[in-house]
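Step one of this worksheet: look at the structure below.
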Amino acid sequence: MRGSGSGPGSMRLRLLLSLAALWLSDANEPGTAMTTRDINQQTRESISDYTVKGHDLSTPGSHLSTQDFNQQTEENISNLTSAMYSISIDGFSSAPVEENVTLYSPANITLLCSLTRTSTDSATVEVTWKKDNERVESSNVTINEIQNVWSTQYTLKIRDRNQMGNYACVFKSDQEVKATFHLQVPQIEGKDHHVVSYVGDSVVLVCKSLKYIPINWIWYMSNGSDQVAVNDSLMPDKYIVDEKYANITKLKILKISEKDDRSYWCQAVFKLGESKGKVSLKVLTYMTPLKPFLAIAAEVIILVAIIFLYEMYSKKKQMHAEDEKEFEQIEQLKSEDSNGVENSTTRHRKV
Amino acid sequence: MSPPANTHLAYTPPDGGWGWAVVFGAFISIGFSYAFPKAIAIFFKEIQDFFGTSYSEIAWVSSIMLATTYGGGPISSILVNRFGSRPVVIFGGLLCGIGMISAAFCTSILQLYICVGVISGFGLALNLQPSVIIIGKYFLKRRPIANGLAMAGSPVMLSTLAPLNQFLFDNFGWRGSFFILGAILLNCCVAGALFRPIGMAADPVRKQTIKQAEKTVKEQPNNSSIEMVPPKTVSLLSGTEDEEDKDCCEKFNKYLDFSLFKHRGFLIYLIGNVLMFLGFFAPIVFLAPYAKHLGIDEYSAAFLLSILAIVDMIARPITGIIANSKWVRPKIQYFFSFSIAFNGACHLLCPLATGYTGLVIYSVFFGLGFGMVCAMLFETLMDLVGAARFTSAVGLVTIVECCTILLGPPIGGTLIDTFGDYKYMFIKCGAVMVLAGTFLFIMNYYNYRMLAKEERERKATEETMKDNKHIRTETEDGNIWAKEKMQDGPEVEPLTDEKEGLKKEVNGKSEV
């Protein structure tokens with residue numbers, strides 16, 4: 001639990017510290033539960049910003065106190081993360097604008113659309129909001145007009161997956177123009193390029209969600225046009241799912257065969273929905289790299305042979321030329337030599 | 001006829017002809033050696049998921065590979081001293097291929113360490129050193145250009161391997177990619193095939209000296225001794241010696257010359273380079289993360305590395321050409337120190353770059369500096385120790401550099417983690433490199449002066465011994481001249497042993 005601690009006074013700080021100490025200690029006894037509730041009530045105002053994570057609340061032995069905590073958080077709903085997303089439209093003739101809004105957990109959001117129109121357009125503008133192309137009537141919508149700028153605001157409390165979708169603000173007078181906000185869970189990126197592996201080998205398929213930590217991961221494999229869940233507990237010597245870190249999932253496939261050449265999806269489960277990433281596996285036999293290998297090896301052997309043959313050929317030529325020159329030398333020397341001179345064969349040199 | 005070239009070689013390096021084919025082979029070999037450990041990082045993500053390990057455990061594969069490539073230097077040197085460059089490179093290529101092919105069938109991360117890290121890494125070590133060594137054997141006057149061109153293989157291969165690896169990965173997965181990469185690494189064997197052995201057996205100079213000897217024989221027909229190019233000198237320089245008159249230390253030195261540690265120039269180079277490598281690679285490793293840290297998106301950050309690679313690619317041959325010019329070549333060590341200091345200055349100024357444009361400018365200058373240093377890395381060592389001892393020198397240098405190369409990025413990473421800010425890492429790298437550059441500059445100034453002094457002394461002694469026709473072979477760093485050792489008729493005992501030695505020389509093949 002993160003307290004803001006920004007309020008003045010040591011009183012609040014001491015309360016926070018004692019609350020933290022109680023959290024850390026065993027809070028099984030009812031006595032302590034009472035104490036935490038009191039402290040919770042007192043520190044409610046000083047706690048402005050916190051997020052509730054599923055696994056934080058599952059610590060055993062503190063069941064009572066976590067229930068209290070839950071109740072408190074329900075009442076403090078207005079203190080969840082708030083964000084504003086806005087789109088500006090430049091006149092009625094502009095193209096429809098879209099924006100992606102990534103929501104990781106329940107939050108309060110405000111969507112703002114503003115339209116700048118020229119003075120030649122007619123005065124009345126009808127402003128509506130649509131969710132997934134169905135008109136929305138809500139008290140959380142405000143509409144303003146300042147000079148030539150029409151703006152509208154829609155405040156939403158996103159709590160569950162039904163509230164995710166496409167929200168569009170529509171400005172209508174003679175023409176119609178709209179801007180769309182796509183509310184979605186964090187997208188998972190798979191791999192653009194297929195992963196290559198070989199028959200009989202094993203492979204590890206990895207999916208990551210670095211910024212946002214999912215609650216859970218589920219793997220699917222494609223079966224024709226369907227997607228079938230990968231059951232690693234059913235076939236433990238074929239599929240192993242490794243979840244050492246919460247934001248990375250690894251599917252290890254053993255004893256690969258040609259049938260495993262298909263696409264796999266890793267699905268990340270968030271509080272507000274799920275999203276999938278695709279990784280495709282390509283299975284090759286050992287014959288496939290063998291052909292380039294043999295081609296290159298053949299090229300090497302041929303080149304080496306050519307070089308050695310050329311060398312022998314040029315040496316022969318050189319020897320011939322030398323032999324002729326030395327023959328002349330010998331003739332010359334023989335004619336001038338007398339006895340006592342060394343045998344001329346020692347002067348021959350084989351190159 | 002021009003006197004034989006210096007640097008302890010008894011023949012004139014061709015400086016062209018088949019040498020350019022050798023440069024091309026070295027281009028490929030060096031390219032694979034430097035680029036492969038980096039390019040393989042594309043597969044790490046998938047392998048990490050597959051084996052369920054952390055990223056640092058996977059990154060060890062690259063580190064082990066790099067460590068083996070550098071640490072295998074001395075073994076590479078010994079093998080080259082014994083067998084020559086060609087067999088070693090071909091064997092290295094086969095080893096790389098086998099390593100990657102077996103890596104395709106690995107079932108644990110430890111097996112990956114062994115197959116990719118150790119086996120392929122060692123294969124790359126057997127590729128890197130011989131490629132650099134053989135350039136020194138084929139080039140002298142144009143050696144900086146040859147070095148610059150060959151070292152340009154690294155960025156070119158990296159730019160090719162990175163998208164290729166991505167393509168292979170998308171189509172074949174990591175196992176299939178390793179399998180095919182094994183075949184691609186076999187191309188190192190093709191590079192090795194191009195490394196035609198060169199040495200005494202193939203050079204025209206020896207013929208000349210033998211002709212001279214023949215002439216003197218004619219002049220002194222009663223002399224039973226043979227005045228030839230003394231086999232001792234020649235064989236000393238090519239490494240196929242009579243082993244009876246060597247004790248075990250000298251025999252070992254034939255394979256790996258530990259006496260280099262007494263060589264002044266070698267020590268200067270070693271200390272300077274060890275210092276430099278502490279700050280050399282870390283900025284590249286952290287450039288993309290730094291860009292992302294500043295808020296730049298992933299693709300633009302990757303593009304910075306591409307800019308770096310392209311500038312690097314162009315800078316290396318151009319540096320080679322500049323280093324070859326008559327103004328720079330004699331004082332090439334100063335140019336090397338300058339480029340290290342330039343690199344360091346770039347890093348020191350990097351924290352001032354706050355936007356994407358600033359980082360692009362930094363990448364351009366960094367690429368320039370990086371290319372300049374890399375192009376001259378081995379050229380300066382050759383310049384200091386000479387081509388014959390270079391074989392051992394490069395092995396010893398790489399194994400010592402191995403430690404600092406591996407330490408550099410982790411130290412940088414620790415600095416970043418401790419301070420939470422990248423600028424301290426850049427300041428550390430820049431400071432270390434400026435320090436290394438200054439050290440090298442000062443020490444090489446001292447070295448040049450000492451060499452000039454020794455040269456003067458030597459000339460003085462020569463003058464006094466000139467009438468005895470005793471001239472000694474010597475090397476001059478940067479200057480191109482040497483003399484041959486000749487033994488006079490009456491002073492020498494019956495040369496039966498040397499005759500035998502010469503016959504062996506003549507009939508056998510002395511290949512390096």
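If you read the sequences in order, they're chains L and E. Using the UniProt record's numbering, you'd call the opening residue of the first sequence number 1 and step up by one each time. Using the UniProt record's numbering, you'd call the opening residue of the second sequence number 1 and step up by one each time. Glycine included, each C-beta is placed from N, C-alpha and C at the ideal position. None of these values were measured; they are calculated from a predicted model.
Query: Inter-residue CB distance, Phe266(E) and Leu384(E) (contact presumed, cutoff 8 Å); Result: 6 Å
Query: Contact with chain E by Ala229(L), beta-carbon distance below 8 Å; Result: no
Query: is_contact[Cys106(E), chain L] using C-beta, thresh 8 Å; Result: no
Query: Where Gln147(L) sits in the DSSP three-state scheme; Result: coil
Query: Contact belief for Ile188(L) with Gly277(L) at Cβ below 8 Å, rounded distance in angstroms; Result: 4 Å
Query: Neighbour list for Gly176(E) in chain L, Cβ cutoff strictly below 8 Å; Result: Val196, Tyr198, Leu284, Thr288 and Pro289
Query: Any C-beta of chain E under 8 Å from that of Ile330(L); Result: no
Query: Any chain E beta carbon closer than 8 Å to Ile296(L); Result: yes
Query: Those residues which DSSP pairs with Thr12(E) across a bridge; Result: Looking at the DSSP assignment, Thr12(E) forms no beta bridge with any residue, so it has no partner.
Query: Local Cβ density within 10 Å of Glu379(E), reported as buried at 16 or more and exposed below that; Result: buried
Query: Selected residue, minimal CA-CA separation from Val204(L), among Phe261(E), Trp174(E), Ala150(E) and Val373(E); Result: Trp174(E)
Query: In DSSP terms, what Tyr85(L) is bridged to; Result: Leu111(L)
Query: Contact check, Gly84(E) vs Pro14(E), beta carbons under 8 Å; Result: no
Query: Beta-carbon spacing of Thr124(L), Val141(L) below 8 Å; Result: no
Query: Secondary structure of Phe303(E), DSSP reduced to three states; Result: helix
Query: DSSP state of Tyr334(E) mapped onto helix, strand, coil; Result: helix
Query: Integer-rounded CB distance, given that Thr68(E) should sit under 8 Å from Gly117(E); Result: 6 Å
Query: Boundaries (first-last residue) of the alpha helix (DSSP H) holding Arg82(E); Result: Gly73 to Phe83
Query: CA-to-CA distance, Gly123(E) to Leu79(E), given in whole angstroms; Result: 13 Å
Query: CA nearest to the CA of Leu185(E), picked from Glu336(L), Val304(L) and Ile296(L); Result: Ile296(L)
Query: Euclidean distance between Cα positions of Phe169(E) and Tyr286(L); Result: 15 Å
Query: Contact set between Leu303(L) and chain E, taken where Cβ atoms lie within less than 7 Å; Result: Val190
Query: Min CB distance Ile58(E) to chain L below 8 Å; Result: no
Query: Simplified DSSP assignment, three categories, for Trp327(E); Result: coil
Query: Chain L residues whose Cβ lies nearer than 7 Å to that of Ala193(E); Result: Val304, Ile307 and Phe308
Query: Where Val313(L) falls: helix, strand or coil (DSSP); Result: It should be pointed out that residue 313(L) corresponds to Tyr in this sequence rather than to Val. Helix, per DSSP.
Query: Same chain, Cβ closer than 7 Å to Val274(E), neighbours up to 5 away in sequence not counted; Result: Val400, Glu401 and Thr404
Query: Three-state secondary structure (DSSP) of Ser202(L); Result: coil
Query: Partners in chain E for His320(L), counting only beta-carbon separations shorter than 9 Å; Result: Going along chain E, no residue has its Cβ under 9 Å from His320(L), so there is no contact; the nearest lies around 15 Å.
Query: CB contact below 8 Å: Glu243(L) versus chain E; Result: no
Query: Assigned exposure category for Glu46(E) - 16 Cβ within 10 Å defines buried; Result: buried
Query: Against chain L: residues of the region 139-173 of chain E by CB proximity under 9 Å; Result: Leu168, Phe169, Asp170, Asn171, Phe172 and Gly173
Query: Contact with chain E by Pro292(L), beta-carbon distance below 8 Å; Result: yes
Query: Val283(L) - containing beta strand (DSSP E), residue span; Result: Gly273 to Leu284
Query: Nearest-angstrom Cβ-Cβ length linking Tyr264(L) and Tyr220(L), presumed shorter than 8 Å; Result: 7 Å
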